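Report on the following structure.
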Amino acid sequence: MMMEIRYATTPAATKAYDTEQLRNEYLIPTLFVPGQLKMVYSHVDRIITGGVIPTNEPIKLEADKHDMGADFFLERREIGIINVGPTGSITVDGTEYVLENKDCLYVGLGNKDVVFNSADPANPARFYFNSTPAHKNYPTAKVAISEAEPQHLGSINTSNERTIYKYIHLNGVQSCQLVMGMTLLKPGNMWNTMPCHTHNRRSEVYFYFDMPEDGVVFHMMGEPTETRHVIVRNEQAIISPSWSIHSGVGTSNYTFIWGMAGENQEFSDMDHVAMKDLK
C-alpha cells in the first residue's frame, strides 16, 4: 500500500502557482499500478482517493498506521468504490460482492476486512475509490449501473449532452458525508459543469476515464475570477477545494466520477457563477 499526503492550499497562494505547482498540488497523475493499491490523503476535507488493480493475488485495504492513526482502514471512515475495469469482486468481512464495469459498492464505518479481487488476473478489475471520515455505521450496499437512476441533461447545441448516475446520495445509498456518482458524456460532447459553480460547504474530487490514449481534458479550476487550467489524461484525478470551480472540456467525450465530502450532502447545494463573471 502506498499513501501520499497532500495539504490544503489557499486561493491567494494558487494565484501565483505555475503549471508544475498546480499539478503537484491538485493533480493525482497515477492511481493504477498492476498488483498495487495506491492512495492520496488530502487535507481538503480529509478525503482519501485511491486505485487498486488486483492481479495474481487479492489485495486487502489496510490502514497506514502512521498517517491514519487507525488499526484498520474503516475504523473511523466510510468508502465508495466504483469498478472502472473488467469484472472483479470485493469481499467485506466475509461477504463477496461482484462488481461489473461501472458498478458501485459503499462500505460503512467499522468493517474490518475489505479485500479486492479480479475475476481474471490477466484482465484485471480497476477499482477507484473515495473515502471520508464517518461518525456512524451505514449498511454495505451495492448499486449496479443498471440500478442507478439516470438523469439526462444538456444538449448537443452546448456540447454537454450527458447522463448522470447518482450512487451514494441522500435519495440513494446512505452515508455519513460521502456523495458519489458518475457522469457519461455522449459522443460529440466535450464540456462538463459549465456554466460552473462552487460549493463552500464541501470539496470534490474528479476522476476522468474512458478517454482515448491521446485524449486530454482541460480541467478548469480556481476562483471564478482567477481561473486556471490543468491538463488531465485518462485515469487521472484532480482535487477541487470548496472555493474552486471544477469544469472541463475534452478533445473528445469522456466519463468522470465525482466524489464529494463536507458538511452536507445536498446535490443541489451550489453557488452558481454567471458566465459573464468568469475571468
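Using my numbering, you'd call the opening residue of the sequence shown number 9 and step up by one each time.
Heads up, the beta-carbon is just placed ideally off N, CA and C, and yes, glycines get one too.
Owing to the predicted nature of the structure, the values given are computational and were not obtained by experimental measurement.
Next on the checklist: Measuring straight from C-alpha to C-alpha, what distance separates VAL238 and LYS23?
Outcome noted: 14 Å
Item to check | Meets three-Cβ-pair contact criterion under 8 Å: the segment 96-109 and the segment 249-262 | outcome: no
Item to check | Rounded straight-line distance, which links the Cα of ALA130 to that of ASN91 | outcome: 16 Å
Checklist entry - Can you name, in chain order, every residue of its own chain whose Cβ lies under 6 Å from the Cβ of MET219, other than the five neighbours on each side? => result ASN242 and TYR262
Next on the checklist: Quick check on PHE73: does DSSP put it in helix, strand or coil?
Outcome noted: Here residue 73 turns out to be Lys, not Phe, going by the sequence shown. Of the three classes helix, strand and coil, the one that applies to LYS73 here is helix, per DSSP.
Item to check | Beta-carbon proximity of ASP285 to THR206, cut-off 8 Å | outcome: no
Checklist entry - What number of angstroms, rounded off, separates the C-alpha of HIS51 from the C-alpha of LEU45? => result 20 Å
Next on the checklist: Quick check on DSSP: helix, strand or coil for GLN29?
Outcome noted: helix
Checklist entry - What are the uninterrupted segments assigned as beta strand (DSSP E) that are 3 or more residues long and contained completely in the segment 163-218, given in chain order? => result 170-176, 187-193 and 210-217
Checklist entry - How many Å lie between THR27 and PHE226 at the Cα? => result 13 Å
Item to check | Inter-residue CB distance, MET229 and ILE253 (contact presumed, cutoff 8 Å) | outcome: 6 Å
Next on the checklist: With H, G and I counted as helix, E and B as strand and the rest as coil, what does DSSP make of THR22?
Outcome noted: helix
Checklist entry - How is the beta strand (DSSP E) around GLN44 delimited, first residue to last? => result Unbroken run through GLN44: none, as it is neither H nor E.
Item to check | Inter-residue Cα distance where the pair is VAL187 and GLN273 | outcome: 6 Å
Checklist entry - Is the beta carbon of SER139 less than 8 Å from the beta carbon of ARG85? => result yes
Checklist entry - For TYR270 versus GLN182, is the C-beta distance shorter than 8 Å? => result Here residue 270 turns out to be Gly, not Tyr, going by the sequence shown. Against a cut-off of 8 Å, the Cβ pair of GLN182 and GLY270 comes out as no contact.
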